[in-house]
């Protein structure tokens, strides 16, 4: 099954809101988001009751010789992560110190693909990953649009990629006459 089919199985409609490459940071555990749109829903044990309410899926294209640790069941807990410069959330180690959260290492010799809940904690040990984040409309409205150069070819390609079930959260901008990089990072919150 193609990635599009998997995304459509989870969501009635979603939008691509992030597309970015990340390198390793073995000393940090990341998450793409804490609990979406301020929805905590904790019971007395601190477990998120919204486990069946996935609002963001992150598709990770993994390089060859890639190593990553995923933290199973971390997406069911409030991780109290803080935004760091690269646009991901840094998860404090103490948020992972629960009996039900287990580290699980993944190694790829020839590269690979992972599709994870956006709340899942992960640590990149070796290699690089390209991440594509897909969010439901109620979450995507809080995200800044991805800013891309306004060219006919790129606008046409984006239009071809969109479908009835998957949109793309993008703003096309005209590049300055100097030709420099006028497109700032799109991973910071609005």
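Residue numbers (the numbering used here): 1 to 190. Glycine included, C-beta positions come from ideal geometry on N, C-alpha and C.
For residue 29, collect the residues of the same chain with a Cβ closer than 6 Å to its Cβ; drop the 5 residues on either side in sequence, then sort them by chain order. Locating residue 29 in the chain shown gives position 29, counting from the first residue. Contacts found: 91, 121, 123.
Cα-Cα separation, residue 32 to residue 136: Here residue 32 refers to the residue found at position 32 of the chain shown. Here residue 136 refers to the residue found at position 136 of the chain shown. Near 14 Å, if we compare the C-alpha coordinates of residue 136 and residue 32.
Report the residue from 99, 4, 175 whose alpha carbon sits nearest the alpha carbon of residue 58. As a working mapping, residue 58 is identified with position 58 in the chain shown. When each option's Cα is compared against that of residue 58, the closest is 4.
According to DSSP, what are the bridge partners of residue 236? Look at the range of the chain in this structure, 1 to 190, and you will see that residue 236 is not part of it.
Out of 68, 153, 80, state which residue places its alpha-carbon closest to the alpha-carbon of residue 106. The residue given as residue 106 occupies position 106 in the chain shown. It is 68 whose Cα lies nearest to the Cα of residue 106.
Along the chain, where does the beta strand (DSSP E) that runs through residue 12 open and close? By 1-based counting over the chain shown, the position of residue 12 is 12. Segment: none, residue 12 is in no beta strand (DSSP E) and carries neither H nor E.
For residue 148, I'd like the list of residues in its chain whose CB is within less than 8 Å of its CB, leaving aside the five on either flank, ordered along the chain. The residue labelled residue 148 in the question sits at position 148 within the chain shown. So the qualifying residues of the chain are 154, 158, 170, 171, 172, 173, 183.
Using a 10 Å radius around the Cβ and a threshold of 16 neighbouring Cβ atoms, would you call residue 74 buried or exposed? The residue you call residue 74 lines up with position 74 of the chain shown. Result: buried.
Between the CA atoms of residue 12 and residue 128 - distance to the nearest angstrom: Translated into positions along the chain shown, residue 128 becomes position 128. Translated into positions along the chain shown, residue 12 becomes position 12. Cα to Cα, the separation comes out at about 30 Å.
Using a threshold of 8 Å, state whether the C-beta atoms of residue 133 and residue 17 are closer than that. Here residue 133 refers to the residue found at position 133 when the chain shown is read from its first residue. Here residue 17 refers to the residue found at position 17 when the chain shown is read from its first residue. Yes; because the gap between Cβ atoms is below 8 Å, this pair is in contact.
So does residue 103 have its beta carbon nearer than 7 Å to some heavy atom of the ligand NAD? As for the ligand NAD, it is missing from this structure, which has no ligand bound.
Whole-angstrom distance between residue 88 and residue 163, CA atom to CA atom: Residue 163 sits at position 163 when you count from the first residue of the chain shown. Residue 88 sits at position 88 when you count from the first residue of the chain shown. Spanning the two alpha carbons is a distance of roughly 27 Å.
Beta-carbon spacing of residue 112, residue 66 below 8 Å: Locating residue 112 in the chain shown gives position 112, where the first residue counts as 1. Locating residue 66 in the chain shown gives position 66, where the first residue counts as 1. Closer than 8 Å, so yes.
For a minimum of 4 consecutive residues, which ranges assigned as the alpha helix (DSSP H) are wholly contained in the region 75-106? none
Per DSSP, which one or two residues make a beta bridge with residue 57? Here residue 57 refers to the residue found at position 57 of the chain shown. DSSP output for residue 57 lists 117, 134 as bridge partner(s).
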